[in-house]
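>
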Amino acid sequence: QPDLAFPFPNANTSGANDQTIRSIVKPDLWGNTMRLRFSNVFGNQALTFDSTTIALQEYAGNVVHGTVTPVTFGRSLSVTIPAGQEMWSDPVRLAWVRSADDPLIQGRNLAISYSIRGDSGHMTYHSGANTTSYITGPGTGDHTNDADGFAYEYTTSSWFFLTTLDVMASTDTVVICAFGDSITDGTHTTFNGNDRWANVLSRRLHDAYGNKVSIVNEAIGGNRVINPVVANAASGPAAVDRLDRDVLGLSGLTDVIWLEGINDLGAGYGAAANPVENPVVHTPQAIIAGYQDVVARLHRHGVKVYGATVVSALGLNNPAQGWDLIHFPSFLATVDNGAAVEAGRLILNQFIRTPGNFDGVVDFDAATRDPDPAALGNMKAKYLPNSQFTQLPWDYLHPNHAGYNAMGLAVDIAPFAPA
Amino acid sequence: PQHWVASWATSPAAYFVYVAP
Numbered sequence: 001q002p003d004l005a006f007p008f009p010n011a012n013t014s015g016a017n018d019q020t021i022r023s024i025v026k027p028d029l030w031g032n033t034m035r036l037r038f039s040n041v042f043g044n045q046a047l048t049f050d051s052t053t054i055a056l057q058e059y060a061g062n063v064v065h066g067t068v069t070p071v072t073f074g075r076s077l078s079v080t081i082p083a084g085q086e087m088w089s090d091p092v093r094l095a096w097v098r099s100a101d102d103p104l105i106q107g108r109n110l111a112i113s114y115s116i117r118g119d120s121g122h123m124t125y126h127s128g129a130n131t132t133s134y135i136t137g138p139g140t141g142d143h144t145n146d147a148d149g150f151a152y153e154y155t156t157s158s159w160f161f162l163t164t165l166d167v168m169a170s171t172d173t174v175v176i177c178a179f180g181d182s183i184t185d186g187t188h189t190t191f192n193g194n195d196r197w198a199n200v201l202s203r204r205l206h207d208a209y210g211n212k213v214s215i216v217n218e219a220i221g222g223n224r225v226i227n228p229v230v231a232n233a234a235s236g237p238a239a240v241d242r243l244d245r246d247v248l249g250l251s252g253l254t255d256v257i258w259l260e261g262i263n264d265l266g267a268g269y270g271a272a273a274n275p276v277e278n279p280v281v282h283t284p285q286a287i288i289a290g291y292q293d294v295v296a297r298l299h300r301h302g303v304k305v306y307g308a309t310v311v312s313a314l315g316l317n318n319p320a321q322g323w324d325l326i327h328f329p330s331f332l333a334t335v336d337n338g339a340a341v342e343a344g345r346l347i348l349n350q351f352i353r354t355p356g357n358f359d360g361v362v363d364f365d366a367a368t369r370d371p372d373p374a375a376l377g378n379m380k381a382k383y384l385p386n387s388q389f390t391q392l393p394w395d396y397l398h399p400n401h402a403g404y405n406a407m408g409l410a411v412d413i414a415p416f417a418p419a
Numbered sequence: 420p421q422h423w424v425a426s427w428a429t430s431p432a433a434y435f436v437y438v439a440p
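So the sequence lines, in the order shown, correspond to chains A and B. Residues 1 to 419 in our numbering are what the first sequence lists, from first letter to last. Residues 420 to 440 in our numbering are what the second sequence lists, from first letter to last.
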């Protein structure tokens, strides 16, 4: 993350101030009629935008001339979102998109710009975007209609306030939510490279089924299945608490692929760790009860849910298995997350693989783990070295580009065929 | 017939100021 003390010097108190954010997002399914949802759910005061636009990103903070399109809310250019609330825009017609199949916009990014009036208050955001977005300086006002990015002096690797992009599409479109923690969010993926496992799966789905499928990502780094968590931390509320808003609140949702549980077991958050976000290490039985609760709630809404086996964290933070104590002494959260976490992980995976507990299984563990006993249960060596911060050691928890690619290739796409 | 379909999404959480190590 760039140093946000420059664009947001008062982030912990009054938040953003009279400035414009240009968020870069990649639609999974295109169309010429869209709408946006903004969130102030973690805010402590009303949030007002003077102006909001959608444009086609050209590169960096620049957009393609002629594509800047105003967004309205209740037919007004300005919108005020009360603290604790979300807000949908009106439908927006994009004159420069011919159809979902328009070859000129496949894989392109949207630049969604919004100017904050006065102070935003506490900001709602998604930390680990692994995507560069752009921010003007405090007090610079409305730059939502700028085609050039000059006013956007600052960058961020997070998405602020914007949470959802909808498109009008055929009612038989399959909509999949990738739900979970950092391994779904994309930690250690390639920056701006869209090589999360869900992006790999998206490519396969669109190859096979054309534009009759959409996959979106509702994962958060550090997220947990069950409570207690500190709900206003950057890792978000527990899955059981955010399911209704983040997953069941998705338009047209038909399927969920869920990979989560390692943070509940304590990986990186053991007894010696700072208990700011995750104060308790959970038992596998309690986590499984959380799985069952979420599965039942999704089923009540007619949504199918595929359980993903939890990938290895056996060597995480363990000096005996390679953790770099010289360069990262302070990140050593526990003496050893190995055996205890591994025992819990195996119990979770046995439950996930047992027929009847989910609508199907995605075996990410089998796709990434080295079957050689000499590997001690770690991921395959070729999946370990960090592919984003190439000068840093790996963490025995997050796969690299090759590992995420293997995960995306491991998903059986047959259940997601449009009717 | 058409309806709204999620095309991009991310999960909201609370902001904290990143402190470089």
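From the three backbone atoms N, C-alpha and C, an ideal C-beta is built for every residue, glycine too.
1. Out of curiosity, what's the CA-to-CA distance linking residue 295/A and residue 249/A?
2. Mind listing the chain B neighbours of residue 219/A? Cutoff is C-beta to C-beta under 8 Å, in chain order.
3. If residue 144/A and residue 91/A are in contact, beta carbons under 8 Å, what's the gap, nearest whole angstrom?
4. Suppose only complete runs of 3+ residues qualify. What are the beta strand (DSSP E) ranges in the region 153-221 of chain A, listed by chain order?
5. Within its chain, find whatever has a CB closer than 6 Å to the CB of residue 23/A; leave out the 5 residues flanking it on each side and keep chain order.
6. Whole angstroms are fine: how far does the CA of residue 138/A sit from the CA of residue 290/A?
7. Please give me, in chain order, every unbroken run of the alpha helix (DSSP H) with length at least 4 that falls completely inside the region 355-388 of chain A.
8. Going by DSSP, which residues form a beta bridge with residue 306/A?
9. What three-state label does DSSP hand residue 125/A in the structure shown?
10. Of all Cβ atoms in chain B, is any one closer than 7 Å to the Cβ of residue 236/A?
11. Please work out which residues of its chain come closer than 7 Å, Cβ to Cβ, to residue 409/A, disregarding the five sequence neighbours upstream and downstream, and give them in chain order.
12. For residue 233/A versus residue 217/A, is the C-beta distance shorter than 7 Å?
13. Residue 242/A versus chain B: which residues are under 8 Å apart at the beta carbon?
14. Between residue 420/A and residue 77/A, is the Cβ-Cβ spacing less than 7 Å?
15. Checking contacts by CB at 7 Å: is residue 228/A closer than that to chain B?
16. May I ask you to report which of helix, strand or coil DSSP gives residue 287/A?
17. Tell me which residues share the same chain as residue 403/A and place their Cβ nearer than 6 Å to its Cβ, disregarding the 5 neighbours each side in the sequence.
18. Under 6 Å: does the beta carbon of residue 28/A sit that close to some heavy atom of the ligand NAD?
19. Helix, strand or coil for residue 103/A per DSSP?
20. Any C-beta of chain B sitting closer than 7 Å to the C-beta of residue 27/A?
21. Considering residue 50/A, what are the terminal residues of the beta strand (DSSP E) in which it resides?
22. Rounded to a whole number of angstroms, what is the C-alpha to C-alpha distance between residue 373/A and residue 235/A?
23. Per DSSP, which one or two residues make a beta bridge with residue 33/A?
24. Would you identify the three-state DSSP class for residue 352/A, choosing helix, strand or coil?
25. Beta-carbon separation of residue 215/A and residue 28/A under 7 Å?
26. Just mark residue 95/A as buried or exposed, buried being the case when its beta carbon has 16 or more other beta carbons within 10 Å.
To lay it out plainly:
1. Distance from the CA of residue 295/A to the CA of residue 249/A, rounded to the nearest whole angstrom, comes to 16 Å.
2. Those within 8 Å of residue 219/A in chain B are 430.
3. With 8 Å as the limit, residue 144/A and residue 91/A do not qualify as a contact, their Cβ atoms being about 18 Å apart.
4. Complete beta strand (DSSP E) runs here, min 3: 154-156, 162-170, 174-180 and 213-219.
5. When the five nearest sequence neighbours on each side are left out, the beta carbons in the same chain lying within less than 6 Å of the beta carbon of residue 23/A are those of 112, 133, 159 and 162, in order along the chain.
6. Cα-Cα distance, rounded: 42 Å.
7. Whole alpha helix (DSSP H) segments, 4+ residues: 364-368.
8. Partner(s): 257/A and 360/A.
9. Three-state DSSP puts residue 125/A in a strand.
10. True, the Cβ-Cβ gap to chain B drops below 7 Å.
11. Same-chain partners within the cutoff: 200.
12. Result no, Cβ atoms of residue 233/A and residue 217/A do not sit closer than 7 Å.
13. The contacting residues are 430.
14. Because chain A spans 1 through 419 in this model, residue 420/A falls outside it and cannot be assessed.
15. Closer than 7 Å: no.
16. Residue 287/A: helix per DSSP, three-state reduction.
17. Exclusion of the five residues before and after residue 403/A leaves 368 and 383 as the residues of its chain whose Cβ lies within less than 6 Å of its Cβ.
18. Questions concerning the ligand NAD fall outside what the structure shown contains, since it holds no ligand whatsoever.
19. Residue 103/A falls in the helix class under three-state DSSP.
20. It does: the Cβ of residue 27/A has a partner Cβ on chain B nearer than 7 Å.
21. Segment 47-59, the beta strand (DSSP E) holding residue 50/A.
22. Spanning the two alpha carbons is a distance of roughly 34 Å.
23. Its beta-bridge partners are 93/A.
24. Here residue 352/A sits in helix by DSSP.
25. Yes, the Cβ-Cβ distance between residue 215/A and residue 28/A is below 7 Å.
26. Residue 95/A comes out exposed.
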